[in-house]
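Protein chains in written order, with the numbering used here: chain A, 10 to 208; chain B, 10 to 208. Where a beta carbon is used, it is the ideal one built from N, C-alpha and C, also for glycine. Keep in mind it's a predicted model, so treat the numbers as computed, not measured. Step one of this worksheet: look at the structure below.
Here it is as structure tokens:
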């Protein structure tokens with residue numbers, strides 16, 4: 010399978026991480042997350058929203074949205090629970106991530122570290138850092154008595170939330186006050202087959 | 010089952026609509042979407058993000074996030090496909106909805122029609138209306154040669170996108186230039202067991 014990818018995108022990293030743990034080989038095609046002018050031509054027929062990651066199946070069909078790709082690749086493996094309630098809990102945390110976590114923490118990181126115009130966006134960065142700490146507070150409380158997000162086992166819910174949390178420092182976040190999150194990050198990084206975002 | 014609900018929230022309406030079509034009875038507990046001060050006390054143990062909808066199963070376990078609840082209630086029924094790729098496509102459109110559609114169209118609608126302080130938020134409303142039209146453009150192109158979003162059959166993907174699209178006019182959107190969306194809205198409203206948002 011082919012993955013339209015960005016090396017710095019946490020959303021793309023989710024897919025590369027699960028694929029590595031599943032032993033699935035992906036051919037990567039790099040797209041810029043700054044200059045997006047070529048996207049209609051390159052992925053317009055595969056992803057109406059023109060974002061990466063976009064997976065292309067061997068028969069040519071496209072599949073966008075990082076968390077949808079995790080389900081496509083992972084369902085039926087050890088990384089997706091079989092219990093009906095636990096499957097819904099995986100989705101709960103994935104929708105939380107796309108609605109509340111990514112728009113704050115990933116956006117602060119992008120504007121600060123990758124946009125090339127951090128000063129211009131200073132006010133927005135400040136707002137997203139504030140929103141991002143509220144998200145980290147929710148995760149910290151939840152992880153205080155848990156090893157992983159769902160069913161006490163590593164799953165795609167952890168991959169989803171790990172992607173931008175483990176690089177939150179690039180967005181100006183200090184995880185010093187978050188011991189439960191920090192211990193969970195270590196547990197995720199210690200899983201068999203783990204690969205880093207810059208692997 | 011019990012649903013912590015808001016009568017005006019499109020996210021809550023998704024759950025009520027699917028439950029009606031499945032013949033599942035829900036006991037509704039109304040929470041305000043304006044004064045949220047009672048939420049930690051009422052749903053803090055059920056939903057770390059303190060949002061509605063939050064479903065409470067008969068055994069007391071909580072399940073938040075509208076689209077996760079649709080999967081919990083609907084998987085195994087005619088409203089969720091069985092094919093692996095089509096299931097991922099349902100998720101694709103649901104993540105698109107929570108990442109791009111809801112934050113623009115639902116937020117514009119809330120600030121304009123329900124916040125009680127539309128004038129204070131005029132600039133934000135203008136920005137979200139601009140973002141919302143970009144989302145409607147994507148949906149219009151996609152629906153030009155399709156009856157429903159996934160597999161040419163009504164599914165929870167349609168319920169997800171219908172919820173805020175069919176009340177977009179309350180956010181200041183004019184669907185006059187969107188014939189494919191308008192025809193799709195009519196098709197969804199004509200499905201057996203359909204209930205309106207104010208039913």
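At what residues does the beta strand (DSSP E) containing residue i begin and finish?
i, result
"residue 201(A)", "Note, residue 201(A): premise wrong, no beta strand (DSSP E); not H, not E."
"residue 73(A)", "71-73"
Identify whether residue i lies in helix, strand or coil by the three-state DSSP scheme.
i, result
"residue 144(B)", "helix"
"residue 39(B)", "strand"
"residue 45(B)", "coil"
"residue 61(B)", "coil"
"residue 162(B)", "strand"
"residue 124(B)", "coil"
"residue 77(B)", "helix"
"residue 4(B)", "Outside the shown range of chain B (10 to 208) lies residue 4(B), about which nothing can therefore be said."
"residue 178(B)", "helix"
"residue 195(A)", "helix"
"residue 119(A)", "helix"
"residue 111(A)", "helix"
"residue 187(A)", "coil"
"residue 152(A)", "helix"
"residue 34(B)", "coil"
"residue 88(A)", "coil"
"residue 208(A)", "coil"
"residue 167(B)", "helix"
Could you work out which residues of chain B lie near residue i, taking near to mean beta carbons separated by less than 7 Å?
i, result
"residue 74(A)", "100, 101, 104 and 105"
Could you give the C-beta distance for residue i and residue j, rounded to a whole number, given that I count them as a contact under 8 Å?
i, j, result
"residue 138(A)", "residue 182(A)", "7 Å"
"residue 204(B)", "residue 34(B)", "Contact doesn't hold; Cβ gap of about 13 Å is too wide."
"residue 178(B)", "residue 170(B)", "Incorrect: roughly 16 Å between the Cβ atoms, too far for contact."
"residue 58(A)", "residue 147(B)", "6 Å"
"residue 107(B)", "residue 104(A)", "5 Å"
"residue 17(B)", "residue 123(B)", "6 Å"
"residue 64(A)", "residue 10(A)", "6 Å"
"residue 200(B)", "residue 163(B)", "6 Å"
"residue 72(A)", "residue 66(A)", "7 Å"
Along the chain, where does the alpha helix (DSSP H) that runs through residue i open and close?
i, result
"residue 24(B)", "19-31"
"residue 12(B)", "Element bounds for residue 12(B): not the alpha helix (DSSP H) but the beta strand (DSSP E), 11-14."
"residue 96(B)", "93-105"
When we look at the beta-carbon of residue i and count the other beta-carbons within 10 Å, is it buried (16 or more) or exposed?
i, result
"residue 43(B)", "exposed"
"residue 14(A)", "buried"
"residue 110(B)", "buried"
"residue 41(B)", "exposed"
"residue 1(B)", "As displayed, chain B neither begins before 10 nor continues past 208, which places residue 1(B) out of reach and without an answer."
"residue 36(A)", "exposed"
"residue 188(B)", "exposed"
"residue 23(B)", "buried"
"residue 161(B)", "exposed"
"residue 118(B)", "buried"
"residue 167(B)", "buried"
"residue 135(A)", "exposed"
"residue 96(B)", "buried"
"residue 126(A)", "exposed"
Under 9 Å between beta-carbons, which chain A residues line up against residue i? List them in chain order, please.
i, result
"residue 151(B)", "57"
At a CB-CB cut-off below 7 Å, which residues of chain A make contact with residue i?
i, result
"residue 147(B)", "57 and 58"
List, in order along the chain, the chain B residues whose C-beta lies closer than 8 Å to that of residue i?
i, result
"residue 97(A)", "72, 77, 78, 80 and 81"
List the residues of chain A whose Cβ lies closer than 8 Å to the Cβ of residue i, in chain order.
i, result
"residue 109(B)", "58"
"residue 7(B)", "Since the displayed chain B opens at 10 and closes at 208, residue 7(B) lies outside it and no answer follows."
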